[in-house]
Amino acid sequence: MSHAPTVRNQGYARPTMREPTVATRLVAPLLETCAKLSGGAVARDLRRRFGIDEAALADPEARMPLPRFYDLLEDAAARTGDDLLGMHYSLGFDAASLDVLGFLAMTSVNLGVAFERMFRYQALLYEGEFGTIERAAGRVTVRILNWGPARPAHRMWSEAAAVDMVVNGRRMVGQEFEVHELRFRHAAPTPVAARRLRELLAAPVRFEAEDDALVVPEAVLALPMPSADPAMFEYFDREAARRAAEFARPSSNLLDELRRVIRAVLPEGVPELSALAEELEHSPRTLQRRLAEHGTSLRQVVDELRHELALHHLAAGLSIAEVSFLLGFSEPSAFHRAFKRWTDRTPAQWRKRSASP
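All residue numbers for the sequence shown refer to UniProt numbering, where the first residue is 1 and numbers rise by one.
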């Protein structure tokens with residue numbers, strides 16, 4: 001990175017007209033944190049409520065809409081009663097949970113390169129939220145910028161980011177380093193929580209500030225990584241760049257892209273053709289024509305996707321009411337009618353039959 005008086009890293013979050021998403025690999029540490037804080041029942045209930053199954057957690061390409069992830073964070077905080085859920089969540093991160101980005105950071109030559117690469121390729125883990133690195137007067141300010149209107153999840157995410165950079169940053173370099181200041185826009189959760197955060201970070205923490213930021217001496221970014229490995233760094237850097245380019249490339253398969261967009265918003269109801277066309281950068285007439293060329297229609301695509309997801313969610317153990325909600329039906333009775341049309345059985349009958357040896 002340049003040593004000019006002020007440098008603002010660009011391009012950290014991929015510009016997108018669609019709803020930003022989060023890799024589901026970031027959900028597993030959150031559920032594990034909830035299980036440690038409040039027991040496995042809370043984690044299992046969250047999984048059921050949000051339709052998260054083992055397959056999704058294990059799938060390296062599975063994504064969750066960012067607003068849905070915000071909902072999950074807020075629900076998890078309410079159910080655990082933890083004022084510092086963001087902090088505890090971030091302590092569960094390790095290189096493996098961050099996949100290629102974790103290994104890229106660990107093999108970087110120093111902490112500054114690790115931070116820069118994490119921000120450069122961060123869309124592989126999460127979109128919407130992003131950071132900037134600025135240098136001025138011998139200090140470095142790392143700012144965290146939230147996505148969308150203010151909501152409680154922003155506080156948890158900002159605290160998680162701070163803990164990740166400071167606590168996990170110190171772990172990576174194998175030594176303590178000075179922090180001039182940590183700033184948060186939100187008010188202190190509670191006096192006890194604020195004190196605990198200051199103790200863990202061993203740094204001054206200011207609440208109700210103008211931004212969410214970490215301020216450290218510029219020399220901190222030059223701290224060497226004990227696990228630096230130029231050859232492995234080059235490999236992981238190429239792999240991250242390849243994945244980022246692939247992630248940014250629009251799908252060439254119209255039906256796959258359409259199914260992805262519909263699935264992301266289905267709990268809110270079936271989207272209008274005009275909204276889908278805008279999302280896919282087509283006119284409504286063009287989208288209809290292209291679907292006809294594939295021998296299908298929007299109604300058929302939605303119906304087939306709902307059928308597929310219904311079987312998946314019921315097999316995963318979700319309640320019929322939950323499945324009805326996730327598939328965007330106005331009420332469970334409408335889901336019952338559709339399911340019987342698909343399978344000639346009610347959801348309860350299908351579940352009982354599929355569970356039989």
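Don't be surprised by glycine CBs; every beta carbon is placed ideally from N, CA and C.
(Q) Within 10 Å of its beta-carbon, does S251 have 16 or more other beta-carbons around it, so buried, or fewer, so exposed? (A) Stepping through the sequence shown from its first residue, residue 251 is reached at position 251. Its pLDDT being 48, under 50, S251 is placed unreliably in this model, and the value from its coordinates should be taken loosely. Exposed: under 16 other Cβ atoms inside 10 Å.
Q) For N146, is the classification buried or exposed, using 16 other Cβ atoms within 10 angstroms of its Cβ as the cut-off for buried? A) The sequence position of residue 146 within the sequence shown is 146, counting from 1. Buried.
**Q.** Simplified DSSP assignment, three categories, for A136
**A.** Here residue 136 corresponds to residue number 136 of the sequence shown, with the count starting at 1. Note: A136 maps to strand in three-state DSSP.
(Q) Measuring only the C-alpha atoms, how far is K340 from P347? (A) Position 340 of the sequence shown holds residue 340. Position 347 of the sequence shown holds residue 347. The alpha-carbon atoms of K340 and P347 are separated by roughly 7 Å.
(Q) Pull the bridge partners of I144 from the DSSP assignment, please. (A) For the purposes of this step, residue 144 is taken as residue 144 along the sequence shown, with counting starting at 1. Its beta-bridge partners are G131.
Q: Quick one: grab the DSSP three-state call for T21.
A: Counting from one through the sequence shown, the residue named residue 21 turns up at place 21. Correct three-state label for T21: strand.
Q) Which residues in the same chain as F247 place their Cβ atom closer than 7 Å to its Cβ, once the five residues preceding and following it in sequence are excluded? A) Mapped onto the sequence shown, residue 247 falls at position 247. Counting only Cβ-Cβ distances below 7 Å, and skipping sequence neighbours, we find A123 and L124.
Q: Ignore the nearest five residues each way along the sequence and tell me which others in F335's own chain have a CB closer than 8 Å to its CB.
A: The count along the sequence shown starts at 1 and reaches residue 335 at position 335. For F335, where only same-chain residues beyond five positions count, the Cβ hits under 8 Å are A310, I320, V323, S324, L327, F329 and P347.
Q: State the CB to CB distance for the pair V109 and M225, rounded to an integer number of angstroms; the pair is presumed to be in contact (CB under 8 Å).
A: Against the sequence shown, residue 109 aligns to sequence position 109. Against the sequence shown, residue 225 aligns to sequence position 225. V109 to M225, Cβ: 7 Å. Contact.
Q: Give the DSSP bridge partners of V216, in chain order.
A: Position 216 of the sequence shown holds residue 216. Note: V216 sits in a beta bridge opposite V140.
Q: Have a look at D229, K352 and L255 and flag the residue whose alpha-carbon is nearest the alpha-carbon of G317.
A: Here residue 317 corresponds to residue number 317 of the sequence shown, with the count starting at 1. Checked all of D229, K352 and L255; the closest Cα to G317 is K352.
Q.
With DSSP as the reference, identify every bridge partner of P65, one or two as the case may be.
A. Sequence index remark: in the sequence shown, residue 65 carries index 65 (1-based). In DSSP, P65 forms a bridge with T21.
Q | Contiguous beta strand (DSSP E) assignments of at least 3 residues, all confined to the segment 38-101 | A | 63-65
**Q.** Closest by C-alpha distance to residue 360, when choosing among P29, M156 and L31
**A.** Outside the displayed span of the chain (1 to 357) sits residue 360, for which this structure offers no information.
Q. Which residues in the same chain as R63 place their Cβ atom closer than 7 Å to its Cβ, once the five residues preceding and following it in sequence are excluded?
A. If you number the sequence shown from 1, residue 63 lands on position 63. Excluding sequence neighbours, R63 sits near T21, V22, A23 and T24.
Q) Got a sec, what are the start and stop residues for the alpha helix (DSSP H) E234 sits in? A) Position 234 of the sequence shown, counted from the first residue, corresponds to residue 234. Element bounds for E234: P230 to A248.
Q | Beta-carbon proximity check, G128 vs T33, cutoff 8 Å | A | Looking up residue 128 in the sequence shown gives position 128. Looking up residue 33 in the sequence shown gives position 33. No, they are not a contact pair.
Q.
Along the chain, where does the beta strand (DSSP E) containing L311 start, and where does it finish?
A. Counting from one through the sequence shown, the residue named residue 311 turns up at place 311. Where L311 is concerned, there is no enclosing beta strand (DSSP E), although the alpha helix (DSSP H) it sits in stretches over L298 to A315.
Q | Per DSSP, the bridge partner or partners of N110 | A | Taking the sequence shown and counting its residues from 1, the one referred to as residue 110 is at position 110. Note: N110 sits in a beta bridge opposite P224.
**Q.** In DSSP terms, what R183 is bridged to
**A.** For the purposes of this step, residue 183 is identified with residue 183 of the sequence shown, where counting begins at 1. R183 is bridged to R206 and A213.
Q: Could you tell me the distance, in whole angstroms, from the CA atom of A153 to the CA atom of T343?
A: For the purposes of this step, residue 153 is identified with residue 153 of the sequence shown, where counting begins at 1. For the purposes of this step, residue 343 is identified with residue 343 of the sequence shown, where counting begins at 1. If you take the alpha carbons of A153 and T343, they lie about 40 Å apart.
Q. With a cut-off of 8 Å, do at least 3 Cβ pairs link the segment 252-261 to the segment 285-298?
A. yes
Q: Please report the residue range of the alpha helix (DSSP H) in which H336 lies.
A: On the sequence shown, residue 336 is found 336 positions in, with the first residue counted as 1. Start and end: P332 to T343.
Q: Mark R117 as exposed unless 16 or more other C-beta atoms lie within 10 angstroms of its C-beta, in which case mark it buried.
A: Reading the sequence shown from its first residue, position 117 is the one you call residue 117. R117 is buried by the Cβ-count criterion.
(Q) At 4 residues or longer, what runs of the alpha helix (DSSP H) sit wholly inside the segment 154-199? (A) 169-173
Q | Rounded separation between L214 and H180 - CA only | A | Taking the sequence shown and counting its residues from 1, one reaches residue 214 at position 214. Taking the sequence shown and counting its residues from 1, one reaches residue 180 at position 180. Going from the Cα of L214 to the Cα of H180 covers about 8 Å.
Q. Thinking C-beta only, is L280 closer than 8 Å to V301?
A. The residue given as residue 301 occupies position 301 in the sequence shown. The residue given as residue 280 occupies position 280 in the sequence shown. No.
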